[in-house]
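**Student:** Below is the structure I would like to discuss, written out as structure tokens.
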Amino acid sequence: MVVLARRAVSSVIAEALLIIVGVSLAATLASVVLSRVSVLQSRLVSISADAVQALSERLTYVYALYDEPNERFIIYIKNVGRYPVYPIEEFTVFFGDTSHASYYVLSTNPSPKCGCWSYEEYGTSNGVIEPGELVAFYVYNASVVRAPYYFKLVTARGSSLEVTFAP
Amino acid sequence: MAVAPVVVSSIFFLVAIVLAAALGTALIQYYASIVRMRELFKQEIEVSKAVLVVERAYLEESCVNLVLTNRGSSSVIIDEHASVLLDYYQQNGLRKIELLQFGASWFVSRTLAEVTQSPASSLAVELKPGGSAVIRACPSQQMDSSKQVTIVIVSKLGVKAEYVYTPS
């Protein structure tokens, strides 16, 4: 009787141990796999969202000229996409001619030959190019450039617009 | 000994369901992104099929009238979302670049069988392939008609036409 009772107890303990081991194994596996899946999911979503966002940013060149009295180039860009493009403050601008282009910095107080750029929104001035909105980029060249001129704009999300013009 | 396998397999089954749900969500989001991308590409192709050509321009009551024809194979909408830019010289010799306002300083009217409808101030015009319209652009300052005038029109989706001419 004592032997039978001991066997019954040991089988209960063994089953309990098995359950504990099984549950902890399942929990470990689940946490590992779920974390991997969540990483994969977030990467997939962010890659596709970035791709869609970059494709959604559709800026087009409208017109460009040299504004002689103010010693600056004016390049008009329009958002022809369905989504707003922002923030303009984080845009990267390169300007020059077809043989050499330099990086230009954004300035809130530009002056001739500063090697900088500023902008003016023909719509709501909020640093966002809304769909359909036109923006004038004022480029103050620091060095002498010869036509045809080259202007490149890279948005904060990485889509770019390149223009070669000779007004 | 019968309970342990049932409990363990149930847990594994639940984990599998959660995993499948997570993967399914990711795949659905990915698919939605691909659909959006396809729409954007489609729009890009549609825009590239439209070609706006300026046939001629003429001055009328200090406004420039521009006869536009869609020579492409898809429609172009000319409405308030289009931009009209005028680059001209004022009579005092100063150059002026002006973004005109729809319904206030630029108007569009359809041309049907060489007859232009009266200028509409707030109506959109759909230029079907082969269709023509007249854009009436009125500068804020009196322009020097002996000097070159440049007019640029860009539709909401980016179909552009540019015309340079000297009124007299």
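Listed in order, the protein sequences are those of chains A and B.
The first sequence begins at 1 in our numbering and counts up one residue at a time.
The second sequence begins at 168 in our numbering and counts up one residue at a time.
Note that beta-carbon positions come from the ideal geometry of N, C-alpha and C, so glycine has one too.
Going by the DSSP bridge assignment, what does Gly96(A) pair with across the sheet?
**Tutor:** Taking the first sequence and counting its residues from 1, one reaches residue 96(A) at position 96. DSSP, once it has assigned bridges, lists Ala101(A) and Tyr150(A) as partnering Gly96(A).
**Student:** Who are the neighbours of Arg6(A) on chain B, taking C-beta pairs under 8 Å?
**Tutor:** Reading the first sequence from its first residue, position 6 is the one you call residue 6(A). Per Cβ cutoff of 8 Å: no residues; Arg6(A) is ~16 Å from chain B at best.
**Student:** Are there 16 or more other CB atoms within 10 angstroms of the CB of Asn259(B), so buried, or fewer, so exposed?
**Tutor:** For the purposes of this step, residue 259(B) is identified with residue 92 of the second sequence, where counting begins at 1. With fewer than 16 Cβ atoms within 10 Å of its Cβ, Asn259(B) is classed as exposed.
**Student:** According to DSSP, is Thr192(B) helix, strand or coil?
**Tutor:** Translated into the one-based positions of the second sequence, residue 192(B) becomes position 25. Helix, per DSSP.
**Student:** Would DSSP call Leu59(A) helix, strand or coil?
**Tutor:** Taking the first sequence and counting its residues from 1, the one referred to as residue 59(A) is at position 59. The answer is strand: DSSP assigns Leu59(A) an E or B state.
**Student:** Strictly below 8 Å CB to CB, what residues from chain A border Phe269(B)?
**Tutor:** One-based indexing of the second sequence puts residue 269(B) at position 102. Correct list: empty, because the minimum Cβ distance to chain A is about 11 Å.
**Student:** Within 10 angstroms of the Cβ of Leu40(A), are there 16 or more other Cβ atoms? Answer buried if so, exposed if not.
**Tutor:** Along the first sequence, read from residue 1 onward, the residue named residue 40(A) stands at position 40. Leu40(A) is exposed by the Cβ-count criterion.
**Student:** Once you ignore the five residues that flank Glu162(A) on each side, which residues in its own chain have a CB closer than 7 Å to its CB?
**Tutor:** Residue mapping note: residue 162(A) aligns to position 162 of the first sequence, counting from 1. Within the same chain, Glu162(A) has close Cβ partners Lys152.
**Student:** When Cβ atoms are compared, which residues of the region 14-25 of chain A fall closer than 7 Å to chain B?
**Tutor:** Cβ contacts with chain B: Glu15, Leu18, Ile19, Gly22 and Val23.
**Student:** In whole angstroms, what is the alpha-carbon distance linking Val243(B) and Glu293(B)?
**Tutor:** For this step, residue 243(B) is matched to residue 76 along the second sequence. For this step, residue 293(B) is matched to residue 126 along the second sequence. Approximately 6 Å, taken between the alpha carbons.
**Student:** Please list, in chain order, all residues of the same chain as Leu252(B) whose beta carbon is under 6 Å from its beta carbon, the five residues on each side excluded.
**Tutor:** On the second sequence, residue 252(B) is found 85 positions in, with the first residue counted as 1. Leu266 and Val319, listed in sequence order.
**Student:** Label Pro110(A) either buried or exposed according to how many other C-beta atoms from any shown protein chain fall within 10 Å of its C-beta, with 16 as the threshold for buried.
**Tutor:** The count along the first sequence starts at 1 and reaches residue 110(A) at position 110. Label assigned to Pro110(A): buried.
**Student:** Looking only at C-alpha atoms, which of Leu226(B), Gly239(B) and Ser276(B) sits nearest to Tyr255(B)?
**Tutor:** One-based indexing of the second sequence puts residue 255(B) at position 88. Minimum Cα distance to Tyr255(B) is reached at Leu226(B).
**Student:** List the residues of chain B that Arg58(A) touches, going by C-beta distances under 7 Å, in chain order.
**Tutor:** By 1-based counting over the first sequence, the position of residue 58(A) is 58. Near Arg58(A) (Cβ distances below 7 Å), the residues of chain B are Gly325.
**Student:** Please check if any C-beta of chain A sits within less than 9 Å of the C-beta of Leu252(B).
**Tutor:** As a working note, residue 252(B) is residue 85 in the second sequence. Chain A, which has a Cβ nearer than 9 Å to the Cβ of Leu252(B), makes this yes.
**Student:** Would Gln211(B) pass as an interface residue toward chain A - the criterion being a Cβ-Cβ separation below 9 Å?
**Tutor:** Mapped onto the second sequence, residue 211(B) falls at position 44. The sequence given here places Glu at residue 211(B); Gln does not occur at that position. Glu211(B) counts as touching chain A.
**Student:** Identify every residue that forms a DSSP beta bridge with Asp262(B).
**Tutor:** Walking along the second sequence from the start, residue 262(B) turns up at place 95. Inspection of the sequence shows that residue 262(B) is occupied by Arg rather than by Asp. Answer by DSSP bridge pairing, in chain order: Tyr256(B).
**Student:** Mapping DSSP to helix, strand and coil, what is Arg82(A)?
**Tutor:** Taking the first sequence and counting its residues from 1, the one referred to as residue 82(A) is at position 82. It is coil, neither helix nor strand.
**Student:** Whose C-beta lies closer than 6 Å to the C-beta of Asp246(B) among residues of the same chain, with five residues either side of it excluded?
**Tutor:** The residue you call residue 246(B) lines up with position 79 of the second sequence. Closer than 6 Å at Cβ, skipping near neighbours: Ala291.
**Student:** Between the Cα of Ser150(B) and the Cα atoms of Ala300(B), Ser272(B), Ser215(B) and Pro306(B), which residue gives the shortest distance?
**Tutor:** Outside the displayed span of chain B (168 to 335) sits residue 150(B), for which this structure offers no information.
**Student:** Please report how far the alpha carbon of Ile75(A) lies from the alpha carbon of Val105(A), in whole angstroms.
**Tutor:** Residue mapping note: residue 75(A) aligns to position 75 of the first sequence, counting from 1. Residue mapping note: residue 105(A) aligns to position 105 of the first sequence, counting from 1. Their backbone Cα atoms lie some 16 Å apart in a straight line.
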